[in-house]
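Worksheet: one structure, shown below.
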Amino acid sequence: LPLEAARADAEPPLDEAPLVEAAERLADARDAAFQSGILEAAKTVHAAMRERLAEEFAAGRDGAVYVGRHSLGMDRLLAALLDILFKRHRGAGVALVAVGGYGRGELAPNSDIDLLFLTERAESRAADNVVEALLYLLWDLGLKVGHAKRTVADTIRASREDQTTLTGLLETRFVAGDRALAGKLDAALKREIGRLKTMDFVDAKLAERDHRHSRHGAIRYMVEPNIKEGKGGLRDLHTLFWIAKFAYRADSIIDIVEKGVLRESEARRFAAAQRFLWTVRCHLHLRAGRPEERLDFDAQMAIAPLMGFAARGSMRDVERFMKRYHLAARDVGNLTRIICAAMETDFRKRRLAWATDFRLRQTFGPFAIRAGRVNLEPDLMFRDRPLRMLEIFRLALEQNADVHPQALQRITRGLHALGESTRNDPQAAAEFLAILTSKHNPERVLRLMNESGVLGRFLPDFGKIVAMMQFDMYHSFTVDEHTIQVIGILHQIESGGLAKTAPVATAV
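Numbering-wise (the numbering used here), the sequence shown opens with residue 70 and increments by one.
This is the structure:
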């Protein structure tokens, strides 16, 4: 986790000494003068931290380090301010808890800071004074703060009423104040999560993800993507982490590996995708001076050389940069399928027990379709017969079925077996041509073949254009995505679906 890496660094990102000195100097001052003096010291400390982090980022170009050290620096600033206010307003029992992205220990240059002020009692003048004074200091520093003040019981009640609140609480992290009180919340949350149905939460998060994709671009390979909310972006990684944390009680990628959900190589891909996306996001924020998440053409041209990309052959630096971005987005999609497959195995068995009824199960050679999803029989392997990787997609197309997440996981893990011998197999060519010329529109299945890596592996020339973008104003998607859409449109013309829109092409 970025925060753990930041804590291992010998040099703290923030020096609290000016704050401590100001508090001692202003100990006997009136409230207004005290607050003003502390604010001036906090501005100096905060500005120095931001400048230092920006210099480190420019030298190291690692966004994961930046967001972790920014979180650590904010922890130290908040803890120092809270300690000063506790001495000013004695008897205030408050635990300051980070939630959301800040709780996860990931704080981009201009991100909101989400805080939970935990109190023993709902009504407490001393606690109210501390909370109000700290919030005014943070607002006057120019920080965007999401906050709530609750008791432990009120917090649990709020999590039952709102899925977003529950998700934010999955990432609670004690920052300062009454540690015992924060411990009570942690214990209460564990009890609350224990009584909830895992797959209800998972299904809600995946539905929320699909709705978000529809708003920010349902296709992974857009040429001006939203790196936070778009398909394959940081929010998809966060969704995976929320799911793993809820289902497996995992606190890090290492925990997910130890639970057997991901292999080490897959965890490295998770970490690499996260690091790349965080680096791009930090560049976007620092360049714009605000929480900018859209990677538009101007930003792409500015950021590509900053991240070390240079022109090579016929590809410009910005095109190589965006290819790397889209490959990271594809990795996020593959990881999503792998974790969803694990969920199917570990948590949905009883839910889908009815689907094992013989009348609801169709068998097609080595494949079976249950509940509208095609899967390879469990005692068979894709790597033993790579041709099955093409056969399963043809079956999914002809039967209008989805490909089961477990099958996609097994394809991803056995992809290395799809090599020259399969490419030269006439039966493999026949399977692929049958997909292209099917009476059903092959666009959906071709996109799934591309995202799972099968298409680029089977057709190496297609593999070269996967995630490749053409940097101009005429293309909305990457070359591979445009190609797949073209095949879908050709099918619509052939089947008469575009007779009104394209009558000449339809007649031809």
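Where a beta carbon is used, it is the ideal one built from N, C-alpha and C, also for glycine.
Predicted, not measured: the structure shown is a model, and the values here were computed from it.
{"Asked": "With which residues is residue 188 paired in a DSSP beta bridge?", "Found": "163"}
{"Asked": "So if DSSP puts residue 218 in a beta bridge, which residue, or which two residues, is it bridged to?", "Found": "186"}
{"Asked": "Just verifying my parser: in three-state terms, what is the DSSP assignment at residue 538?", "Found": "coil"}
{"Asked": "Whole angstroms is fine: what's the gap from residue 487's alpha carbon to residue 405's?", "Found": "22 Å"}
{"Asked": "Measure from the alpha carbon of residue 526 to the alpha carbon of each residue in 489, 129 and 565, then state which is nearest.", "Found": "489"}
{"Asked": "With DSSP run on the structure shown, which of helix, strand or coil describes residue 431?", "Found": "strand"}
{"Asked": "Please return the same chain residues whose Cβ sits closer than 6 Å to the Cβ of residue 522, not counting the five positions on each side in sequence.", "Found": "484"}
{"Asked": "On a CA-only basis, which of 294, 291 and 270 is nearest residue 309? Give me that one, please.", "Found": "270"}
{"Asked": "Whole angstroms is fine: what's the gap from residue 334's alpha carbon to residue 214's?", "Found": "37 Å"}
{"Asked": "At which residues does the beta strand (DSSP E) containing residue 498 begin and terminate?", "Found": "Not the beta strand (DSSP E): residue 498 falls in the alpha helix (DSSP H), residues 495 to 505."}
{"Asked": "Counting pairs of beta carbons, one from the stretch 97 to 113 and one from the stretch 150 to 163, are three or more of them closer than 8 Å?", "Found": "yes"}
{"Asked": "Do you know offhand how far residue 421's Cα is from residue 231's?", "Found": "The predicted model places residue 421 with a pLDDT of 48, which falls under 50 and marks its position as unreliable, so this point remains unresolved."}
{"Asked": "Between the C-alpha atoms of residue 345 and residue 461, what's the straight-line distance to the nearest angstrom?", "Found": "33 Å"}
{"Asked": "Could you please give me the residues that DSSP links to residue 439 through a beta bridge?", "Found": "430 and 442"}
{"Asked": "In its own chain, which residues sit with a C-beta less than 6 Å from the C-beta of residue 167, not counting the 5 before and 5 after it?", "Found": "242 and 244"}
{"Asked": "In the DSSP assignment, what residue or residues form a beta bridge with residue 471?", "Found": "442"}
{"Asked": "Could you check where the alpha helix (DSSP H) with residue 246 kicks off and where it finishes?", "Found": "That residue, residue 246, is in no alpha helix (DSSP H); its beta strand (DSSP E) goes 242 to 246."}
{"Asked": "Can you round the beta-carbon distance between residue 247 and residue 164 to whole angstroms, since I take them to be within the 8 Å contact cut?", "Found": "4 Å"}
{"Asked": "Is the CB-CB distance between residue 216 and residue 184 below 9 Å?", "Found": "yes"}
{"Asked": "Whole angstroms are fine: how far does the CA of residue 444 sit from the CA of residue 423?", "Found": "In this prediction, residue 423 scores a pLDDT of 41, lower than 50, which makes its location untrustworthy; the coordinate-derived value is nonetheless stated afterwards. If you take the alpha carbons of residue 423 and residue 444, they lie about 16 Å apart."}
{"Asked": "With residue 240 and residue 169 assumed to form a contact (beta carbons below 8 Å), what rounded beta-carbon distance in angstroms separates them?", "Found": "6 Å"}
{"Asked": "So, do the stretch 289 to 299 and the stretch 255 to 275 have three or more beta carbon pairs nearer to each other than 8 Å?", "Found": "no"}
{"Asked": "Report the CB separation of residue 350 from residue 297 in whole angstroms; it is logged as a contact under 8 Å.", "Found": "7 Å"}
{"Asked": "Could you tell me which of 160, 173 and 212 sits nearest to residue 194, measuring between CA atoms?", "Found": "160"}
{"Asked": "With DSSP as the reference, identify every bridge partner of residue 546, one or two as the case may be.", "Found": "291"}
{"Asked": "Determine, using beta carbons only, whether residue 132 and residue 348 come nearer to each other than 9 Å.", "Found": "yes"}
{"Asked": "Since residue 187 contacts residue 254 with CB under 8 Å, what's their CB separation in whole angstroms?", "Found": "6 Å"}
{"Asked": "Please state whether DSSP places residue 420 in a helix, a strand or coil.", "Found": "With a pLDDT of only 48 at residue 420, under 50, the local geometry of the prediction cannot be trusted, and no value is derived from it."}
{"Asked": "Tell me which residues share the same chain as residue 473 and place their Cβ nearer than 6 Å to its Cβ, disregarding the 5 neighbours each side in the sequence.", "Found": "442 and 444"}
{"Asked": "If I measure Cβ to Cβ from residue 371 and keep anything under 7 Å in the same chain, skipping five residues before and after, which residues do I get?", "Found": "356"}
{"Asked": "On the DSSP bridge assignment, give the partners of residue 381 in chain order.", "Found": "384"}
{"Asked": "When the Cα atoms are used, what is the spatial distance from residue 411 to residue 220?", "Found": "36 Å"}
{"Asked": "Do residue 438 and residue 464 have their CB atoms nearer than 9 Å?", "Found": "yes"}
{"Asked": "So residue 505 and residue 556 are supposed to be a Cβ contact under 8 Å. How far apart are they, rounded?", "Found": "7 Å"}
{"Asked": "If you reduce the DSSP assignment to three classes, tell me which class residue 363 lands in.", "Found": "strand"}
{"Asked": "Within the same chain, show all residues whose beta-carbon is closer than 7 Å to that of residue 322, passing over the 5 residues directly before and after it, in chain order.", "Found": "336, 339 and 340"}
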